[in-house]
Amino acid sequence: MYPRDMIIPTGVRLALDRLDRAGYEAYIVGGCVRDSLLGKTPTDWDIATSATPERIKEVFNGYHRIYTGFKHGTITVILDEMPIEITTYRVDGKYSDGRRPDEVHYTGDIVEDLARRDFTINACAMTDSRFIDPFGGMDDIRHGIIRCVGNPKERFKEDSLRILRGIRFASMLGFVVEEETKKAILDCKELISNVSMERITMEFCKILLGDAVHDTLLEFQAVLAFIIPEIREMIEFDQRNKYHIYDVYRHTLKSVESIDKDVVLRTTMFFHDIAKPSCFSLDDNCVGHFYGHAKASAKMTEGILERMRFPKREIRDIIELIKYHDRPIGLTAKSVRKLLSKIGEEQFRRLLKVKRADTMAKNPIFWEVKLKDIEVVEDIVDSLIEKGACITRNQLAINGNDLIELGIPQGRLLGYILDTLLNMVLNEELENKKDDLLKWAKAIWTKSKLQ
Ligand code: ATP
Ligand code: MG
């Protein structure tokens, strides 16, 4: 891990070079230095410079410049088709809303600029030939440590979004949070109420997508329970059931880490059992049951995700998956086809992933049987799709025009006849053949006239 091994894209090099030739200092800073040192491709490139915003504007005269962050000293310049954020060295003024500085001042000193940054791993600056690391960021990156720059409590009081960013980096990078920073995160969790719901949700989703999501959400369960109080009941809730070896919260976290890094899937797993504690009952043998928990969890999750301003489409998909997560799917083409028709192929395939992850978070004694069943269902789906089996109304061998030609008037009856025919095909009472379908369409129509 030597900075010189880093691959700096052409556009970024160009920007550094132009600023340098104009007589200003310029460094790449923050997340892009961190990610590059870790061998990851940075998502975005930031440059800090001693040039004031007006000078940056001049230096990049003739290039495509975007001024959305101009007030805070940032100009985005497009170089080599790449947007690069160039920001004047900055010192933040007082913070009075727990989120944003009241004012910012420009400075000529890179070290002052680095001092305002949140974590040491985000407070390194470099060029081809220089590496500026006043807070030991390089060592912390090497040892996998998240540590605030300066006094953690003060830094979180200034801007409480940093609490969530810290947890996010722990989850994404698998880093350990240094003791004092960890204590401050837990002590200051209530300050998160200064952060907008949109930002909380953005960070929550990124936390869920981390490699180390299980350990991080266990360590910071108190913060999560502050953001989403409904999860409190899950923590340490003993399931008293042979299928489970973990309490509800740990089972949840195991299931989250067992599924693909996708927002819909990971959010589904995080909430899939949220209503379990409220559905708990003990039978005469002191065995725990959770009747109706899937439906109840879907309902609770809908409320939570609406409050968290998740997109409507994602809410719909997530609650559908939760509703079906523990419903058995028969191992026959007929039952697979019926569910496929109801929820569609994309959701069906997601549901299989959900079932797999749920299984992997349960007692390993039952893995083999359950996973085998899921595989059988998957094979049936594959073969139905490959054969182009009839699953939707559009795939019927007849359409509305065929019925109109028979004399059936356009309108609700026509839709009803197509739905009835589709159901008969799904139930294997009828083959998807034009002649058969037309015969039955006539019969249903005649019957409706007699009623
Ligand atoms: P990523 O881009 O992967 O989300 P990042 O660390 O690059 O992570 P950005 O939002 O791109 O995050 O910010 C760039 C840099 O600005 C950070 O690395 C950090 O130095 C600084 N920074 C961002 N947000 C804050 C904050 N809330 N408080 C202090 N410094 C911050
Ligand atoms: Mg970044």
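The sequence shown begins at 90 in the numbering used here and counts up by one. We put the beta carbon where it would ideally sit given N, CA and C, even for glycine.
Rounded to whole angstroms, the separation of the alpha carbons of K331 and K538 is 56 Å. Counting along the chain, no alpha helix (DSSP H) covers I497, and no H or E run does either. Distance from the C-beta of G112 to the nearest heavy atom of the ligand MG is not below 8 Å. At the C-beta level, M286 and R398 come within 9 Å of one another. Where L168 is concerned, the enclosing beta strand (DSSP E) starts and stops at 163-168.
The closest CA to that of F258, considering only L127, A446, D524, is found on L127. By the neighbour-count criterion, in which 16 or more other beta carbons inside 10 Å mark a residue as buried, K451 falls on the buried side.
Pairing R179 with I221, the inter-Cα distance amounts to about 16 Å. Rounded to the nearest angstrom, the gap between the Cα atoms of R501 and K528 is 19 Å. Counting only residues of its own chain and dropping the five nearest sequence neighbours on each side, E247 has a CB closer than 6 Å to the CB of Y184. For T132, the shortest C-beta to heavy atom distance toward the ligand ATP is below 8 Å.
Between P190 and G162, the alpha-carbon positions lie close to 13 Å from each other. Exposure of E325 is indicated by the presence of fewer than 16 other C-beta atoms within 10 angstroms of its C-beta. The beta-carbon separation of L306 and L275, rounded to 13 Å, does not stay under the 8 Å limit for a contact.
As the crow flies, the alpha-carbon of D207 is around 15 Å from that of A137.
Ranked by how close their Cα comes to the Cα of T356, the residues Q328, K427, P400, K522 have P400 in first place. Within the same chain, T138, S139, A140, R144, V148 come within 8 Å of Y113 by CB-CB distance, once the 5 residues on both sides are set aside. Under DSSP, no beta-bridge partner is assigned to M358. A check of alpha carbon separations from V425 across H153, N374, D471 identifies D471 as the nearest. K129 is the residue among L460, K129, G255, I235 whose C-alpha sits nearest the C-alpha of I96.
The ligand ATP has a heavy atom closer than 8 Å to the beta-carbon of C121.
For the region 128-197, the full-length beta strand (DSSP E) segments reaching 3 residues or more read 134-138, 153-155, 163-168, 171-177, 179-181, 193-195 along the chain. A Cβ-Cβ contact shorter than 9 Å links P172 with D133. Of the residues Q484, D491, A530, E409, the one whose Cα lies closest to the Cα of I506 is A530. If one requires a minimum length of 3 residues, the beta strand (DSSP E) runs lying completely within the region 183-270 are 193-195, in chain order.
Beyond the five residues adjoining it in sequence on each side, I418 comes within less than 7 Å, by CB distance, of S424, V425, L428, V466 in the same chain, given in chain order.
In the DSSP assignment, no residue is bridged to A364. According to the DSSP assignment, I418 belongs to no alpha helix (DSSP H), since it is labelled neither H nor E.
For the set D373, C375, D372, I363, the Cα lying nearest the Cα of H382 is the one of I363. Contact annotation: the region 115-127 touches the region 227-235, with at least three C-beta pairs closer than 8 Å.
Burial state of T99 is exposed, judged by a 10 Å Cβ sphere holding fewer than 16 other Cβ atoms. Out of A104, G239, V352, the CA that lies nearest to the CA of E267 is found in G239. Residue pairing for L371: DSSP places it in a beta bridge opposite G377. Annotation: the continuous alpha helix (DSSP H) that includes V312 extends over 310-316. In this structure, the beta-carbon distance from L280 to S249 falls below 9 Å. C294 is a Cβ neighbour of V352, given a cutoff of 9 Å.
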